[in-house]
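Some notes on the structure that comes next.
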Amino acid sequence: MPDTTPPRAAIYAYDAVDQRLVDQRVAEYRSQLARFLAGELSEDEFRPLRLRNGLYIQRQAPMLRVAIPYGVLSAVQLRMLARIAREYDRGYGHFTTRQNLQFNWPKLEDTADILALLASVQMHAIQTSGNCVRNITTDEYAGLAPDEEVDPRPIAEILRQWSTFHPEFTYLPRKFKIAINGAAEDRAATAFHDIGLRLWRDAAGALRVRVSVGGGMGRTPMLGAVVREDLEWQHLLTYTEAILRVYNLHGRRDNIYKARIKILVRALGAAEFARQVEEEWTALRDGPSTLIEEEFERVAAYFRLPDESPRVAAPARPIAEDERLAFARWRTRCVHAQRGGHFAVVLSLKATGVAPGDASDTQMDAVAGFAERYGRSEIRVSHEQNLVVPHVAEASLPALWRDARRAGLATPNLGLITDIIACPGGDFCSLANAKSLPIAAAIQQRFDDLDYQHDIGELNLNISGCINSCGHHHAGHIGILGVDKDGSEWYQVSIGGADGSALSNSRAAIGRIIGPSFAAGEVPDVVEALIATYLQAREPGERFVDAVERLGIAPFKRAVYEERQRDALEANADA
Amino acid sequence: MPEILSLRGEPAFFADVRAIVREPDAGPQAEGVLPLALWRARAAGGAVPAAVWLAPGDDLGALVPHLRVLQLVALELPKAADGRAYSLAALLRTRHGYRGELRAIGDVAIDQLHYLRRVGFDSAQLPPARTNAATLATVRAILRTFDDSYQASTDQPLPLFRRRQLGEAVR
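Sequences listed follow chains A and B, in order. Start counting the first sequence at 253; every next residue gets the next number (the numbering used here). Start counting the second sequence at 36; every next residue gets the next number (the numbering used here).
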């Protein structure tokens, strides 16, 4: 008889203090909002307060960014996000490149109530914006991946708590983003974060941390510099505190475009920066904030499954002949073997014509249901803006696939050209120079043929609507950046970026711009010309990113701009 | 209306006859809360003034040998978003053991007072528009909002995880 009781998700569960802190935060925000609406707080006074609860004022409506700590969610929590989308928004949400969820249409007056609902399921929007420590991100296969050396989730949770309402670091020079990786492959883009942590075990089995500082995207993209190779794990909080204190005291405050820690690291040089951190750390080291085994164990215990056996799904009818190809495609692309033999199933939020990373409330409820029926009530959010349901038995895959297809979540394009990372862009965001979503849609339509996509092979195409780079275009094998030229929307194209993952040959690199920018209508042609160049020149087994590495950007640049010139000449001839 | 807010015990406004001396070249006779450069010059002359204020980029080093004599150190927040004073305060309290009054001056927002208190401030000078009874009521509510914290700071040297271990924290 199949077991129909949804299992309790093996995620961190709040104790009384954790719960009180989020409840008190809601009360604090409610009071701040009331004072603002009553005119007792000005816009300028209210801004930092609302940002530290994830609330932006955007082009069309306020935007609320909900934290999904290190990308881990329970089905109960996902259902609440669906409910909020339904009752307070326009029926959908957007999953971001930092594993958060954005609601684009809440009403300002409702935001305290929304935070209260989130608190009721142990969620919050704390520090998802503002010049403070933001959501700590990790790999969507944390605790699951066969190549994992250390599960990053306990450390991520410990760091989350340490950073929450940290009184000394609430007004940093600029935002601060930390990413953690515990696997051979870096799926968390740690090289592109203010602090990137690599957890590893030494020969004696002791947990150590490689600390890199000063990576980031934006106007001055940089890869982080390693400041410590082998920090003993118990020193992580005091060491991070030393980094933050040096940054808080010495980071630039005169120019917001030069205020990230990467600028400080570059100005001092990595060696001098590391020396200053060590000097500060000497005074903090071995103090009461040194982590203890008991705390690590306490937190780690939440993430352990009570038993490893998969859920027994109801028997499904076998894959029929007319389903075979589609199921096989999906299985190849979207189903990953976990340690121990079960599967992590990726649900693509990149269907053609849907804004990348968007999910409707119906889809969110559906995914919660998949997690409960086929998994262990647990969902992950990837920084590529897809959802993952782990702990699925092989026998459940046909049924899950059919359900996912019905919900529009089974596009078998994971890692392919239409699995686009894109920010919300000019349609929503007041920072944007240009729209990103129509570009994503046009590219998805141009490459809609799945056979063609498979032939092209794995490729990261990332789109940002402005230099703030929320779409991670610098790390795209093909990167597209919206720019404002003479008051209209143009797009700069770069190639050869890499995010450090296996798909990028474990390299992290910043893409190189191929030349002058393009009008929106030209972009699909440009991408097609890049792909055509690759397909003509590629060696067996060589992916796009490898071909760029081998050939350099010149042949790609030539192909794109010669074609553009040809098109222009033809247009003139016709005129 | 007295404009210094005490953050200890039940918050209340009080008056301080010592004014913040702002002109960097205020005369050698200037009295009050002296800017660092003037304070250093006096201290070098042998009579260490009891009250000094620092801008966020100022170096604490000059104060350290004289912390036992100092009664009031004020740290400026030129803009509420300039968070350097929080680190300076934390260092004064924890690294250097300063026990005198620590006051926040400048662009102090009442919604920051909880954090200012945690890093060691005893008092804050509020802008004139905020020195009234209504603000006091709001401030008292603000300072009652949180009854615990995760991380150690000057008000609580043990992080929550250590207190959990000792069985103290979770009620």
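Backbone N, C-alpha and C fix where the C-beta goes; we use that ideal spot for every residue, glycine too.
On the DSSP letters alone, give me the boundaries of the alpha helix (DSSP H) that A:LYS514 sits inside. Start and end: 513-520.
Below 8 Å on the Cβ atoms is my guess for B:THR173 versus B:ILE145; work out the distance and round it to an integer in Å. About 6 Å separates the two Cβ atoms, so the contact holds.
Which of the three DSSP states, helix, strand or coil, is assigned to B:SER122? It is helical.
To which residues of the same chain is A:ALA893 closer than 6 Å at the C-beta, ignoring the five residues directly before and after it? Given that chain A is displayed from residue 253 to residue 827, the structure contains no residue 893 of chain A and the question cannot be resolved.
DSSP three-state label for B:PRO113, please. B:PRO113 carries a coil assignment under DSSP once its states are collapsed to helix, strand and coil.
Taking Cβ positions only, does B:ASP183 come closer than 7 Å to chain A? Yes, its Cβ sits closer than 7 Å to a Cβ of chain A.
Chain A partners of B:ARG119, CB-CB under 7 Å? Correct list: ASN500 and LEU501.
Assuming A:SER283 is part of the beta strand (DSSP E), what are its boundary residues? Counted as a single uninterrupted DSSP element, the stretch harbouring A:SER283 is not any beta strand (DSSP E) but the alpha helix (DSSP H) occupying residues 268-289.
A:ALA684: first and last residue of the uninterrupted alpha helix (DSSP H) it sits in: Neither: A:ALA684 is in no alpha helix (DSSP H) and is coded neither H nor E.
Cβ distance (whole Å) where A:GLN354 is taken to contact A:THR348 below 8 Å: That belief holds up - the Cβ atoms of A:GLN354 and A:THR348 are roughly 6 Å apart, short of 8 Å.
Helix, strand or coil, according to DSSP, for A:ASP610 in the structure here? Residue state for A:ASP610 is assigned as strand, using DSSP reduced to three classes.
In chain B, what lies closer than 8 Å to A:ALA279 by C-beta? Within 8 Å Cβ-Cβ: THR180.
Return the first residue and the last residue of the beta strand (DSSP E) that A:ILE410 is part of. A:ILE410 -> not in any beta strand (DSSP E); alpha helix (DSSP H) instead, spanning 405-415.
Taking the alpha-carbon of B:ALA79 as reference, which of B:PRO63, B:LEU89 and B:ALA90 has the nearest alpha-carbon? Checking every option, the nearest Cα to that of B:ALA79 belongs to B:PRO63.
For a quick check, are the C-beta atoms of A:ILE695 and A:VAL779 less than 7 Å apart? Yes; because the gap between Cβ atoms is below 7 Å, this pair is in contact.
Is there a Cβ from chain B that is less than 7 Å from the Cβ of A:THR422? A:THR422 counts as touching chain B.
Local Cβ density within 10 Å of A:ALA825, reported as buried at 16 or more and exposed below that: Exposed, since its Cβ has fewer than 16 Cβ neighbours within 10 Å.
Can you tell me whether B:GLU66 is buried or exposed? The criterion is at least 16 other CB atoms within 10 Å of its CB, across all chains shown. B:GLU66 comes out exposed.
Would you check if there are 3 or more beta carbon pairs closer than 8 Å linking the region 374-392 of chain A to the region 70-84 of chain B? The answer is no - the region 70-84 of chain B does not touch the region 374-392 of chain A, with fewer than three Cβ pairs under 8 Å.
By Cβ distance, which residues of its chain are closer than 8 Å to B:ARG53, with the 5 residues on each side in sequence left out? Within the same chain, Cβ atoms closer than 8 Å to the Cβ of B:ARG53 are found at GLU66, GLY67, VAL68, ALA86 and LEU107, the five residues on either side in sequence being excluded.
For A:TRP414, which residues of its own chain have a beta-carbon under 7 Å away from its beta-carbon, when the five flanking residues on both sides are left out? These residues qualify, in order along the chain: LEU489.
List the residues of chain B that A:THR416 touches, going by C-beta distances under 7 Å, in chain order. From the beta-carbon of A:THR416, the residues of chain B found nearer than 7 Å are TYR185.
Measure the C-alpha to C-alpha separation of A:TYR491 and A:GLY382 and round it to an integer number of angstroms. So the alpha carbons of these two residues sit roughly 23 Å apart.
Name, please, each residue of chain B whose Cβ falls closer than 9 Å to the Cβ of A:GLN413. The contacting residues are TYR185, GLN186, PRO194, LEU195 and PHE196.
By alpha-carbon positions, which one of A:ALA397, A:ALA523, A:GLY667 and A:GLU484 ends up nearest to A:GLU476? Per the sequence shown, residue 476 of chain A should be read as Gly rather than Glu. Nearest option by C-alpha distance: A:ALA523.
Tell me, to the nearest whole angstrom, how far the beta carbon of A:GLU646 is from that of A:PHE595; I am working on the premise that it is less than 8 Å. Sure, about 6 Å apart at Cβ, within 8 Å.
Here's the rule: buried if 16 or more other CB atoms are within 10 angstroms of the residue's CB, otherwise exposed. What is B:ARG206? With a pLDDT of only 42 at B:ARG206, under the threshold of 50, the placement of this residue in the model should not be trusted, and no figure is reported.
Cα-Cα separation, A:ILE598 to A:ARG497: Reading off the sequence, residue 598 of chain A comes out as Val, not Ile. Going from the Cα of A:VAL598 to the Cα of A:ARG497 covers about 39 Å.
Going by C-alpha to C-alpha distance, which of A:ILE783, A:LEU733, A:GLU575 and A:ALA820 sits closest to A:ILE673? Comparing C-alpha distances from A:ILE673 to each of A:ILE783, A:LEU733, A:GLU575 and A:ALA820 shows the shortest one belongs to A:LEU733.
For chain B, find out if any of its Cβ atoms is closer than 7 Å to the Cβ of A:TYR813; answer yes or no. Not a single C-beta of chain B is nearer than 7 Å to the C-beta of A:TYR813.
Among A:VAL800, A:ALA286 and A:HIS346, whose alpha-carbon lies nearest the alpha-carbon of A:LEU639? Nearest to A:LEU639 by alpha-carbon distance, out of A:VAL800, A:ALA286 and A:HIS346, is A:HIS346.
Am I right that B:ASP157 and B:LEU42 are in contact with their C-beta atoms under 8 Å? What's the rounded C-beta distance? The pair is a contact, with the Cβ atoms about 6 Å apart (cut-off 8 Å).
Is A:ILE783 buried or exposed, if buried means 16 or more other CB atoms sit within 10 Å of its CB? By the neighbour-count rule (16 or more Cβ atoms within 10 Å), A:ILE783 is buried.
Pairs of beta-carbons, one from the region 612-619 of chain A and one from the region 362-380 of chain A, closer than 8 Å: are there three or more? No, because fewer than three Cβ pairs between the region 612-619 of chain A and the region 362-380 of chain A fall closer than 8 Å, the two stretches do not touch.
B:VAL154 versus chain A: which residues are under 7 Å apart at the beta carbon? Residues of chain A passing the Cβ test: PRO419 and GLU420.
Within the same chain, show all residues whose beta-carbon is closer than 8 Å to that of A:TRP653, passing over the 5 residues directly before and after it, in chain order. In the same chain as A:TRP653, and ignoring 5 residues on each side of it, the C-beta atoms closer than 8 Å to its own belong to PHE579, TRP582, ARG583 and ALA662, in chain order.
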